[in-house]
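What follows is a single structure, written as structure tokens, with notes after it.
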Amino acid sequence: MNNKNIYFKISSVLWLIWGFVHIMAGVITDYAILNGDIIGAVSGIADAIDPNSLQANYPNAAGAIIGQHGFNLLWIGVTTFICSIFIWKGNKNAILLAILTGGLADVGYFLFMDLGGYVRFAPGTLMTIVSSLAIVSSLIGLSKNKQQNY
1 MNNKNIYFKI
11 SSVLWLIWGF
21 VHIMAGVITD
31 YAILNGDIIG
41 AVSGIADAID
51 PNSLQANYPN
61 AAGAIIGQHG
71 FNLLWIGVTT
81 FICSIFIWKG
91 NKNAILLAIL
101 TGGLADVGYF
111 LFMDLGGYVR
121 FAPGTLMTIV
131 SSLAIVSSLI
141 GLSKNKQQNY
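For what it's worth, our numbering labels the leading residue of the sequence shown as 1, then goes sequentially.
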């Protein structure tokens, strides 16, 4: 196995983990919303917040917004999970798609959830680190691949 392949394989495994965690987060969030548990859905995402501080009479529209977020977690997780299979072989399109979906999703997460102090280190912040490492390792693999082609 040459050096560039190891970077793609590392990235692939990291995106596989990241995708699975986000698929589960989407399913859990939407399950809570579909069962009328807005507080449970929000406290599942903002896990550093005391659930008692979330007690309120939420309008149905708030539940719909959280449900949409859960759906987005699900499809972004599925997309990166599928990309991880193709990243294993160094597919540039899969790398780009994973970076655009998972990477940009985590930028928003970092800006609003991590910096806001609403989440614990695991799983949220840890998954931001995982996606960052996946991006860096795939870009190193692409760089090494490009250097070999000269």
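Glycine included, C-beta positions come from ideal geometry on N, C-alpha and C.
Bear in mind that the values here come from a model prediction, so they are computed numbers and not experimental data.
Open item on the list: So, under 8 Å CB-CB, A48 and V119 are touching, yes? Tell me the CB distance rounded to an integer number of Å.
Closed with: Residue mapping note: residue 48 aligns to position 48 of the sequence shown, counting from 1. Residue mapping note: residue 119 aligns to position 119 of the sequence shown, counting from 1. Contact annotation, A48 with V119: C-beta distance approximately 5 Å; criterion of less than 8 Å satisfied.
- [ ] Pick helix, strand or coil for D114, following the three-state DSSP scheme.
- [x] Stepping through the sequence shown from its first residue, residue 114 is reached at position 114. Three-state DSSP puts D114 in a helix.
Open item on the list: Looking at the secondary structure, which residues open and close the alpha helix (DSSP H) in which W75 lies?
Closed with: Position 75 of the sequence shown, counting from 1, holds the residue named residue 75. Taken as a continuous stretch (DSSP letters only), the alpha helix (DSSP H) holding W75 covers N60 to I87.
Open item on the list: Using the Cβ count rule (16 or more neighbours within 10 Å means buried), how would you classify F121?
Closed with: Here residue 121 corresponds to residue number 121 of the sequence shown, with the count starting at 1. Per the 10 Å Cβ criterion, exposed.
Open item on the list: For L74 and C83, which I take to be in contact (beta-carbon distance under 8 Å), what is that distance rounded to the nearest angstrom?
Closed with: Along the sequence shown, read from residue 1 onward, the residue named residue 74 stands at position 74. Along the sequence shown, read from residue 1 onward, the residue named residue 83 stands at position 83. Actually they do not touch by this definition, with Cβ atoms about 15 Å apart.
Open item on the list: Quick check on Y150: does DSSP put it in helix, strand or coil?
Closed with: Mapped onto the sequence shown, residue 150 falls at position 150. Low per-residue confidence applies at Y150: pLDDT is 45, beneath 50, and the placement is therefore not dependable, though the value from the model is reported in the following sentence. Reduced to three states, the DSSP call for Y150 is coil.
Task: Residue nearest to N60 in terms of C-alpha spacing, selected from I39, G44, P51 and S43 - done: Translated into the one-based positions of the sequence shown, residue 60 becomes position 60. The residue with the shortest Cα to Cα distance from N60 is I39.
- [ ] Would you kindly work out how many angstroms separate the C-alpha atoms of A41 and S132, rounded to a whole number?
- [x] Residue 41 sits at position 41 when you count from the first residue of the sequence shown. Residue 132 sits at position 132 when you count from the first residue of the sequence shown. Cα to Cα, the separation comes out at about 26 Å.
TODO: Assign G36 to buried or exposed, taking buried as 16 or more other Cβ atoms, counted over all protein chains shown, within 10 Å of its Cβ.
DONE: Within the sequence shown, numbered from 1, the residue matching residue 36 stands at position 36. Exposed, because fewer than 16 other Cβ atoms sit within 10 Å of the Cβ of G36.
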